[in-house]
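Protein chains: 2
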Amino acid sequence: VSQSKKSRTNVDIYGQMYVIVGEEEPSHIRMVANIVDKRMKELNEINPSLDTNKLAVLTAVNIVNEYAKLKSDHENLLQKHKREGQEEDD
Amino acid sequence: VSQSKKSRTNVDIYGQMYVIVGEEEPSHIRMVANIVDKRMKELNEINPSLDTNKLAVLTAVNIVNEYAKLKSDHENLLQKHKREGQEEDD
């Protein structure tokens, strides 16, 4: 049975092993896992009283917040790009 | 003592209360928290055997992965935008 293009990658995040299944390259999955691991460790240094569960949830909150900002920047740039494209057509 | 512009917002994420301190508007913080809550619930439906801690970590992994893709799109668009701006200057 073919497993299509899915890879299985073992990663360590905050001392726990995870098997991540995805279509991305294992090197990309490790890079992403390292970011989460690093962000959880940074948040733990600022807030040593948080348990692992809260650390992970608040790390996710921070990343969604950054995602929302980047998304807004990206949409503004797309709008600007379209507008300038239209001006050139006039 | 001034508290600068920091707001304190109570949010419920996956059945747990969090106080989020930040410079963003409470409505923005609630929107971000709702996304994390929704993503954890979605992942729980796909993977009911994961404990809350792993759900939160894997949600963070998924969001970092999406962030990395958006970042790459954004940088490509920035490059394209700069390049076209330079062409106009020639």
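The listed protein sequences derive, respectively, from chains A and B.
Adding 1 to a residue's 1-based position in the first sequence gives its number in this note's numbering.
Adding 1 to a residue's 1-based position in the second sequence gives its number in this note's numbering.
Just so you know, even glycine gets a beta-carbon here, dropped at the ideal spot from N, CA and C.
For Glu43 (chain A), the number of other beta carbons within 10 angstroms of its own is below 16, and it is reported as exposed. Straight-line measurement puts the Cα of Glu76 (chain B) at about 16 Å from the Cα of Val65 (chain B).
DSSP places Ser8 (chain B) within a strand segment (E or B) once states are collapsed to three. Ala61 (chain B) is not a Cβ neighbour of Ala69 (chain A), given a cutoff of 8 Å. DSSP places Leu51 (chain B) outside any alpha helix (DSSP H), giving it a letter other than H or E.
In the three-state reduction of the DSSP assignment, Gly16 (chain B) falls in the coil class, being assigned neither a helical nor a strand state. Separation of Ile30 (chain B) and Leu56 (chain A) (C-alpha to C-alpha, rounded to the nearest whole angstrom) is 17 Å. Think of a sphere of 8 Å around the beta carbon of Ile14 (chain B): the chain A residues whose beta carbon falls inside it are Val58, Val62, in chain order. The beta-carbon separation of Ser8 (chain B) and Pro27 (chain B), rounded to 5 Å, stays under the 8 Å limit for a contact. Taking the Cα of Thr10 (chain B) as reference, the smallest distance to any Cα among B:Gly16, B:Gln17, B:Gly23 is reached at B:Gly23.
Between Ile14 (chain A) and the set A:Arg40, A:Lys6, A:Leu59, the nearest pair of CA atoms involves A:Arg40.
By the neighbour-count criterion, in which 16 or more other beta carbons inside 10 Å mark a residue as buried, Asp52 (chain B) falls on the exposed side. Selection B:Val12, B:Glu25, B:His82 evaluated against Lys6 (chain B) yields B:Glu25 as nearest (Cα-Cα).
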